[in-house]
Amino acid sequence: MATTVARAGDAVSGARGRSAQRTRRHPSKTRWWVVLAFLSPFVIGLATFVLYPVAATLYYSLTNFQAGSYRPVRFVGLNNYRTLFTRSDNFWIAVRNTVWMVVVMVPLRTAWAMLTAWVITRVKRGRNVYRTLYFLPSMVPPVAAALSFIVLLNPVGPLNRLMGLVGIDGPGWFSDPAWSKPSLVLMALWAAGNTMVIFSAAMLDVPRELYEAADLDGAGAFRKFRSITLPAISPVIYFSLLTGMIYAFQYFTEAFVVSGSANVEASSNELLGYPARSLLFYSTELYQQGFSYFKTGYASAMAWLLFLAIFAATVVFIRVSRRFVHYAGGDR
Amino acid sequence: MTGRRSAPGHHRPPIGRRLLYQLAEHAPAVAVALCFLLPLTISVLTAFMTQHQAGTGSLWPSPWDFANFRRVFTAMPFGRDLLNTVLYAGLSTIGTIVSSVPVAYALARLRWRGREAFFLVVLAAMMLPAQVTSLPLYVFYSHIGWVGTLKPLIVPSFFGDAFSIFLLRQFFRTIPGELTEAARVDGAGELRILLRVMIPMTKPAIAAVGLFSFLYAWNDFYNPLLYTGNSQGGQTLAVALTQLAKSGHQNAYQLQMAASLMFLLPVLVLFFLAQKVFVEGIALTGVKG
């Protein structure tokens, strides 16, 4: 740290020597063209890759536009939305599956990250080794993770073999509609190490004295967890649930890989969601409509609904959780 | 994370009981570690099996078949796809850093009207689901002939990335304002302050952002699937691996696992080289407001 400060000092004094003549300008406001120069690449990017596409998606969603087709584009009002709500069973299946993931996967993943972090804090020596091991799977690229789990959870595969050794008859995992989503949840738990790291940091930050004082007062383990640990980690729970929810709404890669590759019959895009559409999620259906069938207008309507759903869920979540989250620095 | 050992002068319990304590301390952690390690272990072992073994859920390769890694190169154009992946990850990382650092600096240190509002725009851009922008962008890229090339993956990163800007801004704000203010009073230009004061002091943070964006691109599946999924010039590995699983090598689990491991290896090497950067960077995404 000292060296960087010294180096910064050199730079400062060097600058002083060269610009001694220059008039001192008001320090509190930067000139507008300087600001613009710093911002300009991003402003261009924002306009091209964010603002324009968002507006264009809204426009497409009101037309029968099909990318790549020479058919003239016609304005169809809210027809795409009407079709989605009333005439597409795929849409509602995708919504149901996605909501299932939000409601089941996200809390379980948070709880698992919390539990594994707690297990780590109980260990006194070798804590860093465990932390590395728990964190490692979250580094595995989602595609590689999905392929690994396809092998592991093959109905005649290693895990069912292992379970057979102790007399348990394993399920069909990814090839059974009742087990396919829970199998994805298992995969999400396996990769929860990045959240675990945040939890363990928050838990280790809690001052030791608080627990000692509680011990003197005769508080039990549960009481200590509820009154000391839980308030300390509540910002992490909040963060994990919020980011997990936004992620689950867009859940795509693992579902796409698993339903496309786990089963020989499902090798074409037509069958995204295999088995029995139990893995048809909102984003996979959107991909299928927009980029396999090129029903661009229709898929754009789906995209806008997704956007609104995420926005609404985020606002509700922030509102509801406000009174449960405790920040050590007081109210913000 | 300081080692908390029992205070000196304590009675040491007899050896049998000490072992029992050790066991009680480590048993849950070891059990969880086994859960985390099982899938990776199975993948590694499968990569050394024969096709018959891999397809029938064997638990241990016998004999060990080391040729699977070589076979990957004939089963798919692994080298070409690796090059594409390296190009995507490498160039987009450079682009992200070069274009995001100045924006983060303007948000953290320059004073201008509308700064807070602009920061909200960055936050909003960060939260925006990719699905909302990908349909028009696909149309746009196919108009200018970019679909099937790596350009749609690389070029946008040179125009700033909201998540990286957000992270860098958080880091920049932790640098004492007196340092930049002193340089400014001495008449140094803002670019000079950024290059000579800010960047040298935040190198670890910039490294963390670089690592995150490299890994994002390396692991990215959605964008390469859209823009290079059917291209003749090859895919990135993330997409190519799933196509290996689908094309004539169905159920060739041993090849898929061998290819996956080769895809995974650079990530693991990066992780072990820069573990500290990772863990601190991740903690920063979550804890500091």
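Residue numbers (my numbering), protein chains in the order written: chain S, 196 to 527; chain P, 1304 to 1592. Ideal placement from N, C-alpha and C gives every residue a C-beta, glycine not left out. In this text the structure is predicted, and so the values were computed from the model without any measurement.
query: Would you say Ser1516 of chain P lies against chain S (beta-carbon separation less than 9 Å)?; result: no
query: Taking the alpha helix (DSSP H) that Asn389 of chain S belongs to, which residues open and close that run?; result: Gly388 to Asp400
query: Within a Cβ cutoff of 8 Å, which residues of the same chain sit near Asp1368 of chain P, ignoring the five residues on either side of it in sequence?; result: Phe1351, Met1352, Thr1353 and Gln1557
query: Taking only beta-carbon atoms, is Asn1387 of chain P less than 9 Å away from chain S?; result: no
query: For Pro1507 of chain P, I'd like the list of residues in its chain whose CB is within less than 7 Å of its CB, leaving aside the five on either flank, ordered along the chain.; result: Val1580
query: Could you pull the start and end residues of the alpha helix (DSSP H) that Tyr469 of chain S belongs to?; result: Tyr469 of chain S -> no alpha helix (DSSP H), and no H or E assigned at all.
query: I want to see whether chain P comes within less than 9 Å of Met440 of chain S, judged by CB atoms only; does it?; result: no
query: From the DSSP output, in three-state form, read off Gly485 of chain S for me.; result: helix
query: Pull up the distance between the alpha-carbon of Leu1573 of chain P and that of Ala443 of chain S, whole angstroms please.; result: 27 Å
query: Do Thr491 of chain S and Phe270 of chain S have their beta-carbon atoms positioned less than 9 Å apart in this structure?; result: no
query: Are the C-beta atoms of Gly362 of chain S and some chain P residue less than 9 Å apart?; result: no
query: For chain S, find out if any of its Cβ atoms is closer than 9 Å to the Cβ of His1355 of chain P; answer yes or no.; result: no
query: Can you tell me whether Asn464 of chain S is helix, strand or coil according to DSSP?; result: Caution is warranted here: a pLDDT of 47 is assigned to Asn464 of chain S, below 50, making its placement in the model unreliable, and the coordinate value is therefore given only provisionally. Correct three-state label for Asn464 of chain S: helix.
query: Counting only beta-carbon atoms, is Ser1365 of chain P nearer than 9 Å to chain S?; result: no
query: What is the DSSP secondary structure of Thr1505 of chain P, counted as helix, strand or coil?; result: coil
query: Do you know how far the Cα of Met440 of chain S is from the Cα of Leu1323 of chain P?; result: 42 Å
query: Pull up the distance between the alpha-carbon of Ile432 of chain S and that of Val453 of chain S, whole angstroms please.; result: 29 Å
query: Got a sec: is the Cβ-Cβ distance from Gly1513 of chain P to anything in chain S below 9 Å?; result: no
query: Quick check on the DSSP output: the alpha helix (DSSP H) that includes Thr243 of chain S runs from which residue to which?; result: Premise fails: Thr243 of chain S is in no alpha helix (DSSP H) and is neither H nor E.
query: Counting Cβ pairs, one atom from each stretch, are 3 or more of them under 8 Å apart for the stretch 1561 to 1575 of chain P and the stretch 1361 to 1377 of chain P?; result: yes
query: From S:Trp228, S:Pro366 and S:Pro430, pick the residue whose C-alpha is nearest to that of Arg1416 of chain P; which is it?; result: S:Trp228
query: Within this structure, are the beta carbons of Leu303 of chain S and Val380 of chain S separated by less than 9 Å?; result: yes
query: Less than 8 Å between the CB atoms is what I'm expecting for Gly1451 of chain P and Gln1535 of chain P, so what's the real figure, rounded?; result: 7 Å
query: Hey, does Tyr1391 of chain P have any beta-carbon neighbour from chain S nearer than 9 Å?; result: no
query: Distance, Cα to Cα, Tyr1444 of chain P vs Glu480 of chain S?; result: 22 Å
query: Under 6 Å Cβ to Cβ from Pro337 of chain S, same chain only, skipping five residues before and after it: list those, please.; result: Thr448 and Glu449
query: Answer yes or no: does any C-beta atom of chain P fall closer than 9 Å to that of Ala339 of chain S?; result: yes
query: Could you give the residue range of the alpha helix (DSSP H) that holds Tyr433 of chain S?; result: Leu425 to Phe444
query: Does any CB atom of chain P fall closer than 9 Å to the CB of Trp385 of chain S?; result: yes
query: Measuring only between beta-carbons, confirm whether Phe1462 of chain P sits less than 9 Å from chain S.; result: yes
query: Just the Cα atoms here: how many angstroms apart are Trp1521 of chain P and Thr1545 of chain P?; result: 15 Å
query: Would you give the residue range spanned by the alpha helix (DSSP H) that Asn274 of chain S belongs to?; result: Asn274 to Arg282
query: Would you report the Cα separation of Leu1337 of chain P and Leu354 of chain S, rounded to the nearest angstrom?; result: 13 Å
query: According to DSSP, is Phe1369 of chain P part of a helix, a strand, or is it coil?; result: coil
query: So Thr293 of chain S and Phe420 of chain S are supposed to be a Cβ contact under 8 Å. How far apart are they, rounded?; result: No, Thr293 of chain S and Phe420 of chain S are not in contact; Cβ-Cβ is about 32 Å, not under 8 Å.
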